[in-house]
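Letter by letter, the sequence shown follows residues 1 to 148 of the UniProt record's numbering. Just so you know, even glycine gets a beta-carbon here, dropped at the ideal spot from N, CA and C. The structure displayed is predicted, hence computed values, not measured ones. Below is one structure, written out as structure tokens, with a few remarks after it.
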Amino acid sequence: MELKWKIKPFEALNVNELYDLLKLRSEIFVVEQNCVYLDLDGKDKSALHLIGEYNGKIVAYSRLFDAGISFDNASIGRVTVDQNYRDKKWGHELMREAIAGVKSNFNQDKITIGAQLYLKKFYESHGFVQTSEMYLEDDIPHIEMMRG
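Quick look at the structure:
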């Protein structure tokens, strides 16, 4: 079982891809996490969109940003894997692809993320270290983490 990976700028996303990735983000960040927030934050147009497909369905996704958009460093955000596929451990593959995508597209080694606190060990396993105290974002505990 392999995922098919692609990275696209916003303008290259077709309507079905855009719908499916927004649906996945909404399923995870709004419904599963029971968090009412505005997912469409104005940054999608500045992002590269990393999409992992399995059997033609988007099951893994993240946004990649060059330095100066979300943080002073390059960044990765909206990291998500469809809950029906989490047993496959594709989150680790997603992070490896995201880190490689930042390096190859932006020539950046330093990456900053705003991580949900409960995922600290997951991100540490990919070389990130905590760089801030805990803060609340949309009533969910977060920390900033950096790699590189």
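Where the alpha helix (DSSP H) through residue i begins and ends
i	result
Ala98	90-106
Arg147	First-last for Arg147: 140-147, but that is the beta strand (DSSP E), not the alpha helix (DSSP H).
Val36	It is not in any alpha helix (DSSP H) - Val36 carries neither H nor E in the DSSP assignment.
Lys121	120-124
Lys110	Element bounds for Lys110: n/a, residue is neither H nor E.
Tyr19	15-25
Helix, strand or coil at residue i according to DSSP, with G and I counted as helix
i	result
Lys43	coil
Glu133	coil
Exposure label - residue i; buried when at least 16 CB within 10 Å
i	result
Val31	exposed
Arg86	exposed
Met1	exposed
Asn107	exposed
Val102	buried
Arg96	exposed
Val79	buried
Met146	buried
Ser132	exposed
Val59	buried
Extent of the continuous beta strand (DSSP E) run through residue i
i	result
Leu64	57-65
Leu50	48-54
Arg78	74-81
Ile69	Per DSSP, Ile69 belongs to no beta strand (DSSP E) and is neither H nor E.
residue 149	No information on residue 149 is available, as it lies outside the stretch 1 to 148 that the chain covers here.
Whole-Å CB distance - residue i paired with residue j, under 8 Å assumed
i	j	result
Lys4	His49	With a Cβ gap of about 14 Å, Lys4 and His49 do not count as contacting.
Gly52	Leu94	6 Å
Ile99	His126	7 Å
Phe71	Ala47	Actually they are not in contact, since the Cβ atoms of Phe71 and Ala47 sit about 13 Å apart, beyond 8 Å.
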